[in-house]
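To convert, take the position in the sequence shown, counting from 1, and add 2; that gives my numbering. Here a beta-carbon is modelled for each residue, glycine too, at the ideal position from N, C-alpha and C. Nothing here was measured: the structure is a model prediction, and the numbers come from that model.
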Amino acid sequence: MPTALPTGGKNLLDPNNHMLVLIDFQSQMSFATKSIDAVNLRNNAALISHAAAGFHVPTILTTVAEKSFSGPMFSEITDAFPGQALLDRTSMNTWEDAAVVARVNQIGKGRVVLAGLWTSVCIVGPAISALEQGFEVHVIADACGDVSQEAHDRAMERMVQAGARPMTSLQYLLELQRDWARSETYELTTGIAKRFGGAYGLGIIYAKTMFGASEGH
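Structure, rendered in structure tokens:
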């Protein structure tokens with residue numbers, strides 16, 4: 003029988019063991035996105051962006067044909083990374099862009115977390131490519147969207163079958179925090195949750211306002 007230890011599993015995310023790649027969160031791409039409401043999509047994109055920025059996760063921001071066709075990246079994302087350059091591409095597959103791959107190699111993490119538009123094109127491409135090159139890939143499913151629910155679901159299934167690991171936006175934030183006793187990031191995490199965490203965030207606001215509650219001990 004194995005011995006239980008009070009330690010987190012090596013497959014869990016922490017701020018130091020991965021990079022985040024945010025792909026094509028742009029106006030033109032969002033117009034045709036039907037698998038998730040645009041308000042929820044923008045909110046979830048903001049949540050993971052502010053989580054990554056707050057926990058100092060190396061993050062790549064990349065667009066496709068920003069000036070000529072697809073438009074600017076969501077301000078909810080760029081506001082979290084003020085002054086960071088966007089890597090603009092012509093390729094639909096981020097992993098086929100030399101500048102993006104150079105940045106991936108510069109960061110030097112073997113675990114990649116992906117989110118963006120559209121799931122079946124701009125996320126499937128880098129996910130499968132990175133997996134084939136030996137990277138571990140996680141996909142934040144509710145921070146991705148596609149032209150239909152069918153397209154999104156089949157894309158997620160295809161990536162999971164190839165070895166990608168699905169997760170959600172709030173899960174990403176809370177996995178980075180992991181322990182409420184980590185006081186140095188407690189206010190950061192609860193602050194992001196209150197702004198972007200939907201009903202969970204409202205619950206935090208209520209508990210703290212009405213009872214002065216705290217998750218830590």
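- Per DSSP, residue 61 is one residue of the beta strand (DSSP E) stretching across 61-66.
- The C-alpha of residue 38 is placed about 12 Å away from the C-alpha of residue 153.
- Within the stretch 171-199, the runs of alpha helix (DSSP H) at least 4 residues long that lie entirely inside it are, in chain order, 171-179, 188-198.
- In this structure, residue 188 keeps its C-beta atom at 7 Å or more from the C-beta atom of residue 142.
- Taking a C-beta distance under 7 Å as the contact criterion, residue 51 and residue 82 qualify as a contact pair.
- Spanning the alpha carbons of residue 167 and residue 43 requires a straight line of approximately 20 Å.
- Each of 172, 129, 16, 47 was checked against the Cα of residue 103, and the nearest Cα belongs to 129.
- It is roughly 11 Å from the alpha-carbon of residue 177 to the alpha-carbon of residue 13.
- If you ignore the 5 residues before and after residue 113, its C-beta comes within less than 6 Å of the C-beta of 19, 20, 138, all in its own chain and listed in chain order.
- Listed in chain order, the beta strand (DSSP E) runs fully inside the stretch 71-143 are 89-91, 113-119, counting runs of at least 3 residues.
- By the C-beta density criterion, residue 86 is exposed, having fewer than 16 other C-beta atoms within 10 angstroms.
- In the displayed model, residue 145 falls within a strand according to three-state DSSP.
- CA-to-CA, the gap between residue 45 and residue 3 works out to about 44 Å.
- Shortest Cα-Cα distance from residue 117 to any of 62, 165, 160, 159 involves 62.
- Rounded to the nearest angstrom, the gap between the Cα atoms of residue 191 and residue 89 is 28 Å.
- A check of alpha carbon separations from residue 30 across 60, 74, 186, 10 identifies 74 as the nearest.
- Taking C-beta atoms under 8 Å as the contact rule, residue 96 and residue 23 qualify, at a distance of about 7 Å.
- Rounded to whole angstroms, the gap between the alpha carbons of residue 131 and residue 108 is 18 Å.
- Restricting attention to 200, 183, 59, the CA atom closest to the CA of residue 111 is found in 59.
- Residue range 29-33 is occupied by the alpha helix (DSSP H) that includes residue 31.
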